[in-house]
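Structure record follows, encoded as structure tokens.
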Amino acid sequence: MTESGLIIVDKPADWTSHDVVGKMRRIAGTRRVGHAGTLDPMATGVLVIGVEKATRLLGHLALTEKVYEATIRLGVTTNTDDAEGEVTATFPTDSVTPEAVRKGIEALTGRIMQVPPQVSAIKVNGERAYKRARAGEEVELAARPVTVHDFDVAAIDGPEIRATIRCSSGTYIRALARDLGAALGVGGHLTALRRNRVGPYDLSLARTIDELAADCVVLPIAEAVSAAFPRRDVGADEARIISHGGRLPSAGLGAGPIGVFGPEGELLALVEEQGRSAKPLAVFVG
């Protein structure tokens, strides 16, 4: 059985994130496997997999910023906002200028309100939006605040735009493609997507499924936490308190999560600071 830690997978196209989890359960020899941040089947790139105790990190890692390479096709809309859906309308794009594209992108950069795609995992009255949409229902989804830190155009080739996007958790790149096309009056959808980074974990750490089947490289849980979160080292007395789920005095490291490490450098817990105390989010010993 594989040790607790993270496995950084370079997800292949046409695999769901659940497919990858199923494969990694067999490779790692354990059912205690999960992922941080779903990638659509069409997308490739960094998928962070947690094994054993590291599955308790995944909800926190899913909230970190992400970086994507995206290809957007103007002039065509689909019912999923990407190339996997059915075409719903086409428009000529001859009048769209590079300057108009850049202005449209500028409006989609920074703190914005974004309506998720109808075919998404957002829950509406307890049911996934994609299930209702695929049943033919018109799904009304509320706009949500997201942050697009960078939306950098690499190339504009006719109706095709290639860009690198750095954004907050919860940002739908499909929705950016849809909204850019709508702002330009010609529609648009996403034709390719590759995730280059999730938090501190990038493609340089990622391995393909075949590579992992031959050599299952695991980033140990202590290293994974040190890379992703602020670190706090404590002595034996505080280590004993946090190991039993107790609170520590705040260290002024921010809201968190914060990784707490014992005298031997062992990972003890993740905490969040609330006023004068640091409350455990997850304890990894005991």
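Note that this note's numbering gives residue 200 to position 180 of the sequence shown, counting from 1, and the numbers run on in steps of one.
Ideal Cβ positions, reconstructed from N, Cα and C, are used throughout, including at glycine.
Values in this document were obtained by computation on a predicted structure and should not be read as measured data.
Can you tell which of G265, I241, L273 has the C-alpha that lies nearest to the C-alpha of P250? Translated into the one-based positions of the sequence shown, residue 250 becomes position 230. If we check each option's Cα against that of P250, L273 comes out closest.
Contact between the stretch 86-95 and the stretch 174-194: three or more CB pairs below 8 Å? The stretch 86-95, when compared against the stretch 174-194, does touch it at the 8 Å Cβ threshold.
M133, enclosing beta strand (DSSP E) - first and last residue: Residue 133 sits at position 113 when you count from the first residue of the sequence shown. 130-134 is the span of the beta strand (DSSP E), which, as asked, contains M133.
Roughly how many angstroms lie between the CA atoms of L81 and V68, to the nearest whole one? Here residue 81 corresponds to residue number 61 of the sequence shown, with the count starting at 1. Here residue 68 corresponds to residue number 48 of the sequence shown, with the count starting at 1. Whole-angstrom Cα-Cα distance: 9 Å.
Quick check: V291 and V254, are their CB atoms within less than 7 Å of each other? The sequence position of residue 291 within the sequence shown is 271, counting from 1. The sequence position of residue 254 within the sequence shown is 234, counting from 1. Cβ distance not < 7 Å, so V291 and V254 don't count as in contact.
Nearest neighbour of P112, chosen from A259, E284, A202, L78 [CA to CA]: For the purposes of this step, residue 112 is identified with residue 92 of the sequence shown, where counting begins at 1. Ranked by Cα distance from P112, the options A259, E284, A202, L78 are led by A202.
At which residues does the beta strand (DSSP E) containing L26 begin and terminate? In the sequence shown, counting from the first residue as 1, residue 26 sits at position 6. Taken as a continuous stretch (DSSP letters only), the beta strand (DSSP E) holding L26 covers 25-31.
Can the beta-carbon of R93 be found less than 7 Å from the beta-carbon of H209? In the sequence shown, counting from the first residue as 1, residue 93 sits at position 73. In the sequence shown, counting from the first residue as 1, residue 209 sits at position 189. Between R93 and H209, the C-beta gap is smaller than 7 Å, which places the two residues in contact.
Counting only beta-carbon atoms, is G178 nearer than 7 Å to chain B? Going by chain labels, chain B is absent from the structure shown, which holds only one protein chain.
Kindly indicate the opening and closing residues of the alpha helix (DSSP H) around E292. As a first step, residue 292 must be located in the sequence shown, where it is residue number 272. Where E292 is concerned, there is no enclosing alpha helix (DSSP H), although the beta strand (DSSP E) it sits in stretches over 287-294.
For R217, count the other beta carbons within 10 Å of its own beta carbon; 16 or more makes it buried, fewer makes it exposed. Which is it? On the sequence shown, residue 217 is found 197 positions in, with the first residue counted as 1. If you draw a 10 Å sphere on the C-beta of R217, you find 16 or more other C-beta atoms in it, and that means buried.
Rounded straight-line distance, which links the Cα of R267 to that of L301: The sequence position of residue 301 within the sequence shown is 281, counting from 1. The sequence position of residue 267 within the sequence shown is 247, counting from 1. Straight-line Cα distance between these residues: approximately 10 Å.
Considering L196, what are the terminal residues of the alpha helix (DSSP H) in which it resides? As a working note, residue 196 is residue 176 in the sequence shown. Where L196 is concerned, the enclosing alpha helix (DSSP H) stretches over 193-204.
Can you list, in chain order, the residues of its chain with a C-beta nearer than 7 Å to that of A33? Leave out the 5 residues immediately preceding and following it. Here residue 33 refers to the residue found at position 13 of the sequence shown. Taking A33 as the centre and dropping the five residues before and after it, the same chain places the C-beta of M62, T64 closer than 7 Å to its C-beta, in chain order.
Express the C-alpha separation of G42 and T228 in angstroms, rounding to a whole number. Residue numbering aside, residue 228 sits at position 208 when the sequence shown is read from its first letter. Residue numbering aside, residue 42 sits at position 22 when the sequence shown is read from its first letter. Just so you know, the alpha carbons of T228 and G42 end up roughly 15 Å apart.
Starting from P165, trace the beta strand (DSSP E) in both directions and tell me its first and last residue. For the purposes of this step, residue 165 is taken as the residue at position 145 of the sequence shown. For P165, the enclosing beta strand (DSSP E) begins and ends at 164-177.
For C236, collect the residues of the same chain with a Cβ closer than 8 Å to its Cβ; drop the 5 residues on either side in sequence, then sort them by chain order. In the sequence shown, residue 236 corresponds to position 216, counting from 1. Cβ neighbours of C236 within its own chain (closer than 8 Å, five residues either side excluded): T22, I27, I47, A48.
Compare the Cα-Cα distances from I193 to each of L287, P179, I132 and report the closest residue. As a first step, residue 193 must be located in the sequence shown, where it is residue number 173. Nearest of L287, P179, I132 to I193, Cα basis: I132.
Under a three-way DSSP split, which group does D235 fall into? Residue mapping note: residue 235 aligns to position 215 of the sequence shown, counting from 1. DSSP places D235 in coil when its eight states are reduced to three.
Please list, in chain order, all residues of the same chain as G276 whose beta carbon is under 8 Å from its beta carbon, the five residues on each side excluded. Here the question's residue 276 lines up with position 256 in the sequence shown. The beta carbon of G276 is closer than 8 Å to those of F249, P250, L290, V291, E292, E293, A298, L301 in its chain, skipping five residues each way along the sequence.
Across which residues does DSSP place K86 in a beta bridge pair? Translated into positions along the sequence shown, residue 86 becomes position 66. By DSSP's assignment, K86 forms a beta bridge with C187, V218.
Whole-angstrom distance between E286 and T91, CA atom to CA atom: Counted from its first residue, the sequence shown places residue 91 at position 71. Counted from its first residue, the sequence shown places residue 286 at position 266. Distance between the alpha carbons of T91 and E286 is about 43 Å.
Shortest alpha-carbon distance to S246 belongs to which of G282, L223, P269? What you label residue 246 is simply residue 226 of the sequence shown in a count that begins at 1. For S246, the closest of G282, L223, P269 by C-alpha to C-alpha distance is G282.
Between the C-alpha atoms of I176 and G95, what's the straight-line distance to the nearest angstrom? Against the sequence shown, residue 176 aligns to sequence position 156. Against the sequence shown, residue 95 aligns to sequence position 75. Looking at the two C-alpha atoms, the distance is approximately 14 Å.
Given a cut-off of 7 Å, decide if A74 and I278 are closer than it, judged by their beta-carbon atoms. Position 258 of the sequence shown, counting from 1, holds the residue named residue 278. Position 54 of the sequence shown, counting from 1, holds the residue named residue 74. Going by C-beta atoms, I278 is not nearer than 7 Å to A74.
By the three-class DSSP mapping on this structure, what secondary structure does A247 have? Within the sequence shown, residue 247 is the residue found at index 227, counting from 1. For A247, the three-state secondary structure derived from DSSP is helix.
Is the separation between the beta-carbon of G25 and that of V238 shorter than 7 Å? Sequence index remark: in the sequence shown, residue 25 carries index 5 (1-based). Sequence index remark: in the sequence shown, residue 238 carries index 218 (1-based). In contact: G25 and V238 (Cβ atoms closer than 7 Å).
What does a CB cutoff of less than 8 Å around G295 pick up in its chain, not counting 5 residues either side in sequence? For the purposes of this step, residue 295 is taken as the residue at position 275 of the sequence shown. Take G295, set aside five residues on each side of it, and the residues of its chain with a beta-carbon closer than 8 Å to its own are S270, in chain order.
With DSSP run on the structure shown, which of helix, strand or coil describes E180? To locate residue 180, count along the sequence shown from 1; it is residue 160. Looking at E180 - three-state DSSP - the assignment turns out to be strand.
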